[in-house]
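Chains as they are written, first to last, in the numbering used here: chain F, 19 to 664; chain D, 7 to 79. Glycine included, each C-beta is placed from N, C-alpha and C at the ideal position. In this text the structure is predicted, and so the values were computed from the model without any measurement.
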Amino acid sequence: MIIKMSKVSVIGPHSLLPEIMAYIYEAGVLHIETPPEYVKDTPYIRKLTLSLEQKNEMAELERVLALARRTLNTIKPLYIRIHSGDIPGGLQQDSFKRPSITNKHEEIGTTEAKTSIEGISMSVDNLNQEIKEIEQQLSLYTRYEKILNSLSPLMELVPESPFRDYTGITLYKRESPLPLLEEAIQRITNGRYEIFKKDVDEELMACVVVYPKEFAPEIKGLFHMENISELRMPADLADMPLMEALRTIMQKKDELPLDMKGLENTLKQLAFEKYDEFIRCFNIIEERLRQMEVFSGLYGTKDTFYLCGWMPEKSTHTFIDNIRKRFNDMVIIRTLTPVRTETEITPVLLSNPGVIRPFEVLTRFLALPKYGTFDPTPLLAMFFPVFFGLILGDMGYGMILFLVSFFVMWRWRGNETIRDMSSVLMLSSLFTIFFGVIFGELFGDLGRYIGLHHYIDRSVALIPFLIFSIIIGGFHISLGLLIGVVISFKRREAKEAIVRILKMFFVFSIFGAAAAASGLLPGGLLRIMVMIAIGLIAALFFLEKWIAPFDAIKLIVNILSYARIMGFGAASIFLASIANRLTLMPRSIVLGIIIGIFFHIINLAVGVYAPAIQTLRLHYVEFFDKFFYPGGVEYKPFGRGRKVVT
Amino acid sequence: MMELGLMAIGAGLAIGLAAIATAIAQAKIGAAGIGALIEKPELIGRILILLVIPETLVILGFVTAVIILSTPR
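And the structure:
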C-alpha cells in the first residue's frame, strides 16, 4: 500500500536555518520539495544563495566525491571478487575478515572522511600507476623478444673486450644489403671486424657487428647514412652496453610478472581491508554534499527562509511537536492541505507486510505508482507465484528452485534486492511444487514411471487447460478493471470510470457468449450476449470515439494472451519429457543419466526464466494497464542513515 | 491420411509464421531497447515489457496449432 503523506511548511529567520536543517537531518523523515510548489512563482520570495565559503566547500566535496567514485571503480570489483573466494596467493581467508559496516560506528567528520578518501585513493592510484608502468615495460620488452631470442645466442659468441665495441642491427633479407655492408665495414676497419648473423623470421635478419672501439663513430655514421635500423634499447637501458642491456631485459621479463602479481595482491588486500572504511567515508561526503545541495535549493525572503516538504502522516505530529518545543515561537511550522493536482508531485512510500514486501521489487522494476492511486504489490504477491507455479508445475524443479533460492538468499543476505528476488522465487517454487503434485509431474513425466498419481494430465488435457488459462485471464482482467473503476472514482475521473465499467461488462458479455456457444448456458443467450457486447462497443464509441473498437479488440487479445500459461506450461512438460527420453537412448546407463541431467538443467534454466518473464508480462502489460498509474516520485527523506552506496 | 497431413502442415504454418513475425518484431525492439538501455539503465522494466509484447503472436499461433491438431477427424 501507499503510505499517506502530509505536507509540512517551515518558516523561520535565516539565523536559525543551520540549526533547523540539522534537526530535520537528524529526524530523517522530511522529503524536501525544491522549489516549493506554493512559492516558486511568488515575486518577493527568491532562491537563497550560498555563501562563498559554502560554495567552496561544495566544490571541494564534489571534487572528493569524483575522486572517490574513480577509486571505487577500482576497489569495488576487487572487493567483490575477494568476497566470492578469490583470495590473493599467500594470504589466508582469515586475514580477510570484513569489519562491520553499520552506521553505529563512531561518527567521523567530513574532514576526516575527506582525508581518508584521499589517502586510500592515493595508495590505489600509486599501485595502479606502478602496475601500469610494469605493463608498459612488459609490452615494450615483448616487442624486443623476437629479436632478442635471435641475438642472445650471437651475443654468447661475441668475445668480451674493453677495446671492442659492438652494435646490433636488423636487416630486411629481401634487400640483401649484407654483402655491401660488409664491404663498407671492411673499408672502414681495414678488415678488423666480425659479423654474427641469425634469421629472426622469413623477412628479418638480426646481426651483431663487432669492431675496434676507435671505429665506432664511423661505423654508426655508416648505419645512419645507409638507413640501417640499429637495435635501440628502451630508454632506461639506453646507456648500458648492448650485451648488458640484453641480459637485463631477459632478466626483467622474468621478474616483472612476479612484481606485477605482488602489486595486484597488495591492491586486492588494500581493497578488502579499506573498502568498508572507504564506503563509510564516501557516504559521509555524499550526505554532506546532499545537505549542501538542499541548502542551495532553499527559498526565502531577505530575512527568512521558507521550506516545505512531505512526510508520512504518522510522523507529522511528533515532528511538528519537537520543532515547536525546540524553537518555540521563532519558527512557524504547520501542515498544509495539498491541492488535488499535487498528487502528481507527492512522493510515494510503499509499505507492505512481511510476505508481500519482497514483491515491491517487481513493482519498482516497472515504476512507482503515483500518489493517490493503487499499489499493485499485494496483487502481484497473490497472483505471481500462482501463475509461475501453473506454468512450471513440477515437483522436482520446484524443490531444486526452492533450495537454490534459499541458498542465494542466505549467501547474499546483505543485498536487499537479491534477498527480495530470492524470496519471490522461493514462494513461487512452493506453488510450483503444489501444482506439480496436482499435475503429477516430477522432472516431467518421470513421476509417471515411478507411479506418481496425477489429478490433471496437462500433457493430454491441452484444450481444457487452454480454456482454464483464458478463464483466469478473464477474471484477472476484470479484477484489474474493477480496481481501475475504484481508482478513477477516487481521482474524480468519471468518464474514465464509466469506460472501465463498460469494458468490464464487455468482458462479461464475451465470456457469456462463449459459455452459451459451448452449451454451458442456454443457447438462446448467445444472441443476447453478442447484442450486449455490440451495444457496449457502441457506448464506448460514444465516450472514446474511434479508439473504442480497438480497445474492445485489445481487451479480447489481452484475455487470449493468458493462453501463454497453457503454452509455456505445455512446452515445459514436453521439454522435460524429451530430456527423459534422451536419458533412455544411449546404451550406457551412466551416459544416459549425464545426458538426462544436462537437459534437465537446461530445461530448468528455461523453466525459471520463461515463467518469470511471462508472468511479469501478464501483470505489467495485461493487468496493470487497467488501473496502474506509473510515474510516482520516490520518497527520499533528507536525513542521516540513508545508505547511499554499499 | 491426406487430411492429417494437411492439418499438420496447417499447424506448422500457424506456429512457424507466427514465430517468424515475433522474431522480426523482437529483433527490432531488442536492438532499439539496448540502445535506450545504454543511455538509461533504469528503463529496463519498460524495455522488457516492450520486448515481450510480440510474443503474444507466437502464443496465439501455438494456440491455433493446438486447436487444429485437437479438432476431431
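- For Asn144 of chain F and Glu78 of chain F, the gap between their C-alpha atoms comes out near 22 Å.
- Listed along chain D are Gly51 and Arg52, each with a C-beta nearer than 8 Å to that of Ala385 of chain F.
- C-alpha of Thr133 of chain F to C-alpha of Ile303 of chain F: approximately 11 Å in a straight line.
- Residue state for Thr322 of chain F is assigned as strand, using DSSP reduced to three classes.
- Under the 10 Å beta carbon count, Trp428 of chain F is surrounded by fewer than 16 other beta carbons and is classified as exposed.
- With a minimum length of 4 residues, the unbroken runs of alpha helix (DSSP H) contained wholly in the segment 173-226 of chain F fall at 196-207.
- Linking Gly280 of chain F to Asp272 of chain F through their CA atoms gives a straight-line distance of about 14 Å.
- In the assembly as shown, Met7 of chain D is an exposed residue. Its beta-carbon has fewer than 16 other beta-carbons within 10 Å.
- Identification of residues in the segment 561-591 of chain F having a C-beta nearer than 7 Å to some C-beta of chain D yields Val575, Leu578, Ser579, Ala581, Arg582 and Gly585, given in sequence order.
- Residue state for Lys513 of chain F is assigned as helix, using DSSP reduced to three classes.
- The continuous alpha helix (DSSP H) containing Gly407 of chain F extends over residues Thr395 to Leu410.
- Beta-bridge partners assigned by DSSP to Glu652 of chain F: F:Val366.
- Among the residues of the segment 60-74 of chain D, those with a Cβ less than 7 Å away from any Cβ of chain F are Thr62, Ile65, Leu66, Phe68, Val69 and Val72, in the order of the chain.
- One thing to note: Val366 of chain F has its Cβ within 7 Å of the Cβ of Ile20 of chain F.
- It is roughly 14 Å from the alpha-carbon of Asn621 of chain F to the alpha-carbon of Met417 of chain F.
- When DSSP reads this structure, Tyr229 of chain F sits in a beta bridge with F:Asp183.
- Check the Cα spacing between Ile165 of chain F and each of F:Lys215, F:Arg518, F:Leu199 and F:Leu196: the tightest is with F:Lys215.
- Here Leu70 of chain F is exposed: its Cβ has fewer than 16 other Cβ atoms, across all protein chains shown, within 10 Å.
- Using a Cβ-Cβ cut-off of 7 Å, Ile55 of chain D counts as an interface residue toward chain F, since at least one Cβ of chain F sits closer than that to its own.
- Of all residues in the segment 479-491 of chain F, only Leu480, Ile481 and Leu484 come within less than 8 Å of chain D when Cβ atoms are compared, listed by chain position.
- Under the 7 Å criterion on CB atoms, Val366 of chain F is classed as non-interfacial with respect to chain D.
- Under the 7 Å criterion on CB atoms, Arg87 of chain F is classed as non-interfacial with respect to chain D.
- Interface with chain D (7 Å Cβ-Cβ cutoff): Tyr473 of chain F is excluded.
- Identification of residues in the segment 627-642 of chain F having a C-beta nearer than 7 Å to some C-beta of chain D yields Ile631, Arg635, Tyr638 and Val639, given in sequence order.
- Judged by beta-carbon spacing, Lys388 of chain F lies within the 7 Å limit of Tyr647 of chain F, meaning their Cβ atoms are closer than that value.
- In the three-state scheme derived from DSSP, where H, G and I count as helix and E and B as strand, Trp328 of chain F is classed as strand.
- Contact between Ala224 of chain F and Ser139 of chain F is absent: CB atoms are separated by about 46 Å, not below the 8 Å threshold.
- Using a Cβ-Cβ distance cut-off of 8 Å, the segment 598-612 of chain F and the segment 508-523 of chain F are not in contact, since fewer than three pairs of beta carbons, one from each stretch, lie closer than that value.
- According to DSSP, residue pairing for Ile20 of chain F in a beta bridge involves F:Leu368.
- Ile488 of chain F sits buried, since 16 or more C-beta atoms from the chains shown fall within 10 Å of its C-beta.
- With fewer than three CB-CB distances shorter than 8 Å, the segment 536-553 of chain F does not count as touching the segment 456-467 of chain F.
- Considering only F:Glu201, F:Lys563, F:Ala234 and F:Arg582, the residue with the shortest C-alpha distance to Glu640 of chain F is F:Arg582.
- Counting only runs of at least 4 residues, the segment 556-581 of chain F fully encloses the following alpha helix (DSSP H) elements, listed from N- to C-terminal order: 565-578.
- In the displayed model, Arg64 of chain F falls within a strand according to three-state DSSP.
- Thr355 of chain F: not part of any beta strand (DSSP E); DSSP gives it neither H nor E.
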